[in-house]
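Here is the structure we will look at.
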Amino acid sequence: MSQKRIAIFGSTGSIGTQALEVIAANPDMFTAEVLTAQTNDALLIKQALQFNPNTVVIGDEKKYLIVKEALSHTQTKVFAGEKALEEVACLDCYDMMLAAIVGYAGLKPTLCAIELGKPIALANKETLVVAGDIIMRKAMEKRIPVIPVDSEHSAIFQCLVGEGRNKIERIILTASGGPFLGKKPNFLVNVKKDHALQHPNWSMGAKITIDSATLMNKGLEMIEAKWLFNLTHEQIQVVVHPQSIIHSMVQFDDGSIKAQMGLPDMKLPIQYAMAFPQRILNNFPRYDFKKPNTLSFEEPDIKTFRNLALAMEAMRQGGNMPCILNAANEIAVYAFLKNRIGFLDMTEVVEQTMTKIPFIETPTLEEYFETDGEARNFAASLIHM
Ligand code: NAD
Ligand code: MG
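Just so we're aligned, residue 78 is where the sequence shown starts under my numbering, counting upward by one.
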């Protein structure tokens, strides 16, 4: 069997580096054909020298010559800049895209890959939050799979294998609750980034770690699930499960619930998506039922963690509202990471942007792009005040 050629968009991030570990551990199954990074030239060069890809892209054009020079003795082609991401996504040198860029920036390259008929292993949830209807419609037209990498969605995907047309009553997304589970606004108001960046169960990039602390991540995941599994908003429930052992569940219309479980390790959903429908043997630590264990479940506190309530509202409204929510949230999270605004201010920025930007019920792709820009500008203007 020939190896599957993987294009990792966002190879220097948390998901990207773990995907390369999976590829390194399974050289008979995968090669890394495309690697891309935004700013980390040193790591991109190191990865390219190890994996010998067909092409690399460095987003930051100022770093082009450094990368070009370092790889001049190799066969690897080097490109730079935002446009190059889309151009490289349109090359025919790979078999599957692992969409592991963070944020809205991941949308356009992923669209290019879908247009070209490439299967997608999707980590970048923001792509579906912004334009899930268009993405899934195009994937359907091209008859290509969009296989989730997000652990909750991978769990649901795995629960649905073999279920054919059996009806889903609802899905239950589990949430760890993040580092501030049980805390109230009088505590959250003083939270600083160093504390918010410490997630109890997962080690991830900065943006998703903050989203996990505010519960926005779970809201984005509800919208992601709606599009991936073609659900209505009423069919999606969130339950806090602090141990992160059950990664999510599906309840069918006979009341039966299937769960997918395991220790929290993103390499599992990454390798599952890359190798689907095969499972790959590995030596990752196993969950041990002989140790004292408690699996607990509780309702999310959406009065305190209002970002989750806002995301639910955006999902309910549909149209360009999730796109507005996402853009404002990206601006708010990066402002928080730069100590420009407080933890609870992030919610204010998102809420005000949602009330300000004009609602469009069925946006075109162009209108999604415009909405994103307008929402970003408005959210940024709130922070500059
Ligand atoms: P990260 O910040 O660690 O890495 C992001 C990657 O994207 C890097 O390679 C970076 O160079 C690149 N990038 C950043 N900004 C870019 C831009 N403007 N243009 C092009 N490339 C850019 O992020 P991560 O934690 O690996 O998350 C990646 C995606 O996967 C996110 O959408 C996140 O929600 C999703 N996800 C991550 C995890 C996790 O465990 N880390 C779990 C589930 C889902
Ligand atoms: Mg997740």
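Positions of the beta carbon are idealized from the N, C-alpha and C atoms, including for glycine. Remember, predicted model here, so these are calculated numbers, not experimental data.
Taking histidine 150 as the reference, which of Ile122, Leu168, Ala176 has the closest Cα?
As a working mapping, residue 150 is identified with position 73 in the sequence shown. The alpha carbon of histidine 150 has as its nearest neighbour, out of Ile122, Leu168, Ala176, the alpha carbon of Ile122.
Should glycine 136 go down as buried or exposed, given a rule of 16 or more other Cβ atoms within 10 Å for buried?
Taking the first residue of the sequence shown as position 1, residue 136 is located at position 59. By the neighbour-count rule (16 or more Cβ atoms within 10 Å), glycine 136 is buried.
Please give me, in chain order, every unbroken run of the beta strand (DSSP E) with length at least 3 that falls completely inside the stretch 131-175.
132-135, 154-157
Under 7 Å, CB to any heavy atom of the ligand MG. Which residues pass, going along the chain?
Asp227, Ser228, Glu229, Asn294, Glu298
Please return the same chain residues whose Cβ sits closer than 8 Å to the Cβ of valine 52, not counting the five positions on each side in sequence.
Here the chain covers residues 78 to 462 and nothing more, so residue 52 does not appear.
Considering only their Cβ atoms, is the gap separating arginine 247 from isoleucine 313 smaller than 8 Å?
Counting from one through the sequence shown, the residue named residue 313 turns up at place 236. Counting from one through the sequence shown, the residue named residue 247 turns up at place 170. Contact: yes.
Could you tell me the alpha carbon to alpha carbon distance between lysine 295 and glutamate 146, rounded to whole angstroms?
Mapped onto the sequence shown, residue 295 falls at position 218. Mapped onto the sequence shown, residue 146 falls at position 69. Going from the Cα of lysine 295 to the Cα of glutamate 146 covers about 42 Å.
Would you say valine 327 and cysteine 189 are within 8 Å of each other, going by their C-beta atoms?
Residue numbering aside, residue 327 sits at position 250 when the sequence shown is read from its first letter. Residue numbering aside, residue 189 sits at position 112 when the sequence shown is read from its first letter. Not in contact: valine 327 and cysteine 189 (Cβ atoms no closer than 8 Å).
Mark glycine 255 as exposed unless 16 or more other C-beta atoms lie within 10 angstroms of its C-beta, in which case mark it buried.
Stepping through the sequence shown from its first residue, residue 255 is reached at position 178. Glycine 255 is buried by the Cβ-count criterion.
Here's the rule I'm using: 16 or more other beta-carbon atoms within 10 Å means buried, otherwise exposed. How should asparagine 360 be labelled?
Here the question's residue 360 lines up with position 283 in the sequence shown. Taking every protein chain shown into account, the CB of asparagine 360 has fewer than 16 other CB atoms within 10 angstroms, so this residue is exposed.
For the alpha helix (DSSP H) holding lysine 202, just list the boundary residues, first then last.
Looking up residue 202 in the sequence shown gives position 125. 202-219 is the span of the alpha helix (DSSP H), which, as asked, contains lysine 202.
Rounded to a whole number of angstroms, what is the C-alpha to C-alpha distance between lysine 225 and leucine 199?
For the purposes of this step, residue 225 is taken as the residue at position 148 of the sequence shown. For the purposes of this step, residue 199 is taken as the residue at position 122 of the sequence shown. A small fix is needed here, since residue 225 is proline in this sequence, not lysine. It is roughly 5 Å from the alpha-carbon of proline 225 to the alpha-carbon of leucine 199.
Using three-state DSSP, classify proline 222 as helix, strand or coil.
Within the sequence shown, the letter at position 145 stands for residue 222. Proline 222: coil per DSSP, three-state reduction.
Starting from arginine 247 and walking both ways along the alpha helix (DSSP H), at which residues does that stretch end?
Within the sequence shown, numbered from 1, the residue matching residue 247 stands at position 170. Here arginine 247 belongs to no alpha helix (DSSP H); instead the beta strand (DSSP E) covers 245-252.
Just to confirm the assignment, what range does the alpha helix (DSSP H) spanning glutamine 95 have?
Your numbering for residue 95 matches position 18 in the sequence shown. Here the alpha helix (DSSP H) through glutamine 95 covers 91-102.
Does the structure place the stretch 378-390 close enough to the stretch 252-271 that three or more beta carbon pairs sit under 8 Å?
Short answer: they touch.
DSSP state of arginine 46, grouped into three classes?
The shown model of the chain, from 78 to 462, leaves out residue 46, and the question about it has no answer.
For the alpha helix (DSSP H) that contains serine 373, what are its first and last residues?
As a position in the sequence shown, residue 373 is number 296, starting the count at 1. Counting along the chain, serine 373 falls outside any alpha helix (DSSP H), and DSSP gives it neither H nor E.
Specify the secondary structure class of histidine 324 as computed by DSSP and reduced to three states.
For the purposes of this step, residue 324 is taken as the residue at position 247 of the sequence shown. In this structure, histidine 324 counts as strand in the three-state DSSP scheme.
Among Ala350, Leu184, Glu159, whose alpha-carbon lies nearest the alpha-carbon of isoleucine 233?
In the sequence shown, residue 233 corresponds to position 156, counting from 1. Of the listed residues, the one whose Cα sits closest to isoleucine 233 is Ala350.
Between tryptophan 304 and the ligand NAD, is there a pair consisting of the residue's CB and a ligand heavy atom that are separated by less than 7 Å?
Position 227 of the sequence shown, counting from 1, holds the residue named residue 304. Tryptophan 304 Cβ: outside cutoff for every heavy atom of the ligand NAD.
Around the C-beta of proline 435, are 16 or more other C-beta atoms found within 10 angstroms, so that it is buried, or is it exposed?
Residue mapping note: residue 435 aligns to position 358 of the sequence shown, counting from 1. With fewer than 16 Cβ atoms within 10 Å of its Cβ, proline 435 is classed as exposed.
For the beta strand (DSSP E) that alanine 336 lies in, which residues bound it at each end?
Along the sequence shown, read from residue 1 onward, the residue named residue 336 stands at position 259. Segment 334-338, the beta strand (DSSP E) holding alanine 336.
Going straight from the alpha carbon of aspartate 105 to that of lysine 81, what length do you get?
By one-based count along the sequence shown, residue 105 stands at place 28. By one-based count along the sequence shown, residue 81 stands at place 4. Spanning the two alpha carbons is a distance of roughly 9 Å.
Considering only the beta carbon of each residue, do glutamine 421 and leucine 274 sit closer than 8 Å?
As a first step, residue 421 must be located in the sequence shown, where it is residue number 344. As a first step, residue 274 must be located in the sequence shown, where it is residue number 197. Here residue 421 is leucine; the residue named in the question, glutamine, does not match the sequence. No, the pair does not count as a contact, with Cβ atoms beyond the cut-off.
For the ligand NAD, I want to know if glutamine 115 counts as a neighbour, meaning its beta carbon is within less than 7 Å of at least one of the ligand's heavy atoms.
Within the sequence shown, numbered from 1, the residue matching residue 115 stands at position 38. Yes, the beta carbon of glutamine 115 sits closer than 7 Å to at least one heavy atom of the ligand NAD.
Cβ of isoleucine 357 within 8 Å of Cβ of leucine 308?
Sequence index remark: in the sequence shown, residue 357 carries index 280 (1-based). Sequence index remark: in the sequence shown, residue 308 carries index 231 (1-based). No, the Cβ-Cβ distance between isoleucine 357 and leucine 308 is not below 8 Å.
Quick one: Cα of aspartate 342 to Cα of glycine 90, how far?
Your numbering for residue 342 matches position 265 in the sequence shown. Your numbering for residue 90 matches position 13 in the sequence shown. Roughly 15 Å separates the two Cα atoms.
Closer than 8 Å, CB to CB, is aspartate 330 near chain C or not?
The chain labelled as chain C is not found in the depicted structure, where only one protein chain is given.
Which stretch, first to last residue, makes up the beta strand (DSSP E) that contains valine 315?
Residue mapping note: residue 315 aligns to position 238 of the sequence shown, counting from 1. Unbroken beta strand (DSSP E) run through valine 315: 313-317.
What does the Cβ neighbour count give for asparagine 384, buried or exposed, with the cut at 16 atoms within 10 Å?
In the sequence shown, residue 384 corresponds to position 307, counting from 1. Looking at its Cβ environment, which holds 16 or more other Cβ atoms inside 10 Å, asparagine 384 is buried.
Which residues in the same chain have their Cβ closer than 7 Å to the Cβ of tyrosine 364, if we skip the five residues on either side of it in sequence?
Sequence index remark: in the sequence shown, residue 364 carries index 287 (1-based). Result list for tyrosine 364: Ile322, Met338, Gly339, Leu340, in chain order.
Take the Cβ of glutamate 110 as the centre, count every other Cβ of all protein chains shown within 10 Å, and call the residue buried at 16 or more, exposed below.
For the purposes of this step, residue 110 is taken as residue 33 along the sequence shown, with counting starting at 1. Looking at its Cβ environment, which holds 16 or more other Cβ atoms inside 10 Å, glutamate 110 is buried.
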